[in-house]
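Residue numbers (our numbering): 5 to 358.
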């Protein structure tokens with residue numbers, strides 16, 4: 005004898021509608037709608053009851069219906085585009101955005117541009133088609149046309165980590181000049197006079213600002229800038245490995261190395277280990293961006309720490325403010341980095357000859 009499945013099929017049960025949820029939760033349809041899209045406007049006990057019914061009945065809000073209602077409210081969807089989702093700094097930034105977005109009832113539409121202008125443009129178009137309430141994005145270049153276009157058509161945009169020229173947009177950045185200055189100044193005070201610098205992509209403001217900080221520290225100590233000690237990378241691990249090798253191969257190689265971001269730092273360390281370069285005795289190393297596993301390296305890595313999570317949180321705060329007040333003046337928030345001194349820079353060893 006065949007055993008019948010006691011749970012009705014989806015066809016027999018039919019599609020669960022908003023009014024079904026309202027009836028089961030003993031609230032109005034508008035209360036259910038607000039519990040989903042504007043949770044801060046519904047009492048905690050009522051919202052908990054509505055959400056429990058939604059989970060039990062398997063109700064799924066229609067994004068199409070939400071888009072149709074957009075002219076009277078918000079879709080409660082935020083676009084977030086990252087240039088490299090594997091970069092720990094951007095992972096921290098994303099977590100900061102998501103935590104605050106979720107607290108205010110927003111979901112994330114996440115894209116990874118891979119530092120590719122065309123991929124970024126496609127994501128921005130898709131986000132606009134989904135009627136996102138706003139976008140948080142690190143522009144790929146200073147003249148990022150796709151991001152500028154979103155700003156011109158009135159989509160709320162917050163630029164993070166990088167600035168964009170000629171666009172009136174809320175922006176959250178870290179003081180890169182100060183961070184690179186502190187790292188270079190520290191190496192000079194340890195006795196280094198030939199300090200190599202591996203720069204990130206020069207098309208983005210962060211790379212140029214870190215170069216500016218490096219040069220300012222040299223100038224402050226009366227040291228001449230030597231272009232032979234600088235290499236231009238692409239912010240990826242492979243370029244860090246290759247360019248560290250180039251610097252080690254010059255006739256008078258650097259005694260210290262500042263690397264422009266965390267992934268290139270990994271590449272530079274890879275080259276040092278492959279060549280059996282002893283850090284910091286033969287080469288002091290400082291990375292830009294601290295990493296969760298920096299203490300696990302041998303020796304532990306000295307690095308400029310950026311507040312990635314706070315960058316994401318502040319960006320989301322600005323976006324929420326922009327959504328509430330579209331005509332408010334734009335804001336620029338500059339957060340401060342911190343030099344974390346560990347053994348890779350040679351702190352505690354005898355000063356090098358000046």
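From the three backbone atoms N, C-alpha and C, an ideal C-beta is built for every residue, glycine too. Because the structure is a prediction, the values reported are computed rather than measured.
From 269, 62, 146, 42, pick the residue whose C-alpha is nearest to that of residue 19; which is it?
Reading the chain shown from its first residue, position 15 is the one you call residue 19. Comparing Cα-Cα distances from residue 19 to each of 269, 62, 146, 42, the minimum goes to 62.
Which listed residue (64, 111, 125, 231) has its alpha carbon closest to that of residue 82
Stepping through the chain shown from its first residue, residue 82 is reached at position 78. For the residues 64, 111, 125, 231, the minimum Cα distance to residue 82 belongs to 111.
From the DSSP output, in three-state form, read off residue 36 for me.
Within the chain shown, numbered from 1, the residue matching residue 36 stands at position 32. If DSSP states are grouped into helix, strand and coil, residue 36 belongs with the helices.
For residue 161, name the three-state secondary structure that DSSP assigns.
As a position in the chain shown, residue 161 is number 157, starting the count at 1. Here residue 161 sits in strand by DSSP.
Nearest-angstrom beta carbon gap, residue 268 and residue 244 [assumed within contact, 8 Å]
By one-based count along the chain shown, residue 244 stands at place 240. By one-based count along the chain shown, residue 268 stands at place 264. With 8 Å as the limit, residue 244 and residue 268 qualify as a contact, their Cβ atoms being about 3 Å apart.
Using 10 angstroms around the beta-carbon of residue 373, count the other beta-carbons present and answer buried if the total reaches 16, otherwise exposed.
Residue 373 is absent from the structure shown; the chain starts at 5 and stops at 358.
What are the boundary residues of the alpha helix (DSSP H) that includes residue 180?
Your numbering for residue 180 matches position 176 in the chain shown. Its alpha helix (DSSP H) spans residues 180 to 193.
Would you call the region 198 to 213 and the region 233 to 243 in contact, with 3 or more CB pairs under 8 Å?
yes
What three-state label does DSSP hand residue 271 in the structure shown?
For the purposes of this step, residue 271 is taken as residue 267 along the chain shown, with counting starting at 1. Correct three-state label for residue 271: helix.
Which whole runs of the beta strand (DSSP E) in the region 78 to 102 are 3 residues long or more, in chain order?
Taken in chain order, the whole beta strand (DSSP E) runs of length 3 or more contained in the region 78 to 102 are 81 to 86.
By a C-beta neighbour count over all protein chains shown, 10 Å radius and 16 as the cutoff for buried, is residue 158 buried or exposed?
To locate residue 158, count along the chain shown from 1; it is residue 154. So residue 158 ends up on the exposed side.
Is residue 143 buried or exposed, if buried means 16 or more other CB atoms sit within 10 Å of its CB?
Within the chain shown, numbered from 1, the residue matching residue 143 stands at position 139. Buried is the call here.
Span of the alpha helix (DSSP H) around residue 235
Here residue 235 is taken as the residue at index 231 of the chain shown, counted from 1. Segment 234 to 236 is the beta strand (DSSP E) holding residue 235; no alpha helix (DSSP H) there.
For my contact list, residue 308 and residue 292 are in at a C-beta cut-off of 8 Å; report their separation, rounded to the angstrom.
Position 304 of the chain shown, counted from the first residue, corresponds to residue 308. Position 288 of the chain shown, counted from the first residue, corresponds to residue 292. About 5 Å separates the two Cβ atoms, so the contact holds.
What is the DSSP secondary structure of residue 217, counted as helix, strand or coil?
The residue labelled residue 217 in the question sits at position 213 within the chain shown. Reduced to three states, the DSSP call for residue 217 is helix.
Run of the beta strand (DSSP E) containing residue 298, from where it starts to where it stops
Along the chain shown, read from residue 1 onward, the residue named residue 298 stands at position 294. No beta strand (DSSP E) holds residue 298; DSSP gives it neither H nor E.
Alpha-carbon spacing of residue 272 relative to residue 289, whole angstroms
In the chain shown, the residue the question calls residue 272 occupies position 268. In the chain shown, the residue the question calls residue 289 occupies position 285. For residue 272 and residue 289, the distance between alpha carbons rounds to 9 Å.
Check whether the Cβ atoms of residue 2 and residue 115 lie closer than 9 Å to each other.
Beyond the ends of the chain as shown, which are 5 and 358, falls residue 2; an answer cannot be given.
What is the rounded straight-line gap between the Cα of residue 169 and the Cα of residue 59?
Indexing the chain shown from 1 puts residue 169 at position 165. Indexing the chain shown from 1 puts residue 59 at position 55. Whole-angstrom Cα-Cα distance: 46 Å.
The ligand MN and residue 28: does the residue's C-beta get closer than 8 Å to at least one heavy atom of that ligand?
The ligand MN is not among the ligands present in this structure, which contains no ligands whatsoever.
Which residues DSSP lists as bridging residue 128, in chain order
By one-based count along the chain shown, residue 128 stands at place 124. Its beta-bridge partners do not exist; DSSP assigns none.
Between which two residues does the beta strand (DSSP E) holding residue 353 run?
As a working note, residue 353 is residue 349 in the chain shown. Run containing residue 353: none; DSSP gives neither H nor E here.
Ordered along the chain, which non-local residues of its own chain (more than five positions away) have a Cβ less than 6 Å from that of residue 337?
Walking along the chain shown from the start, residue 337 turns up at place 333. Correct list, in chain order: 176, 318.
For residue 298, which residues of its own chain have a beta-carbon under 8 Å away from its beta-carbon, when the five flanking residues on both sides are left out?
Numbered from its first residue, the chain shown carries residue 298 at position 294. Hits under 8 Å: 291, 304, 305, 307, 344, 346.
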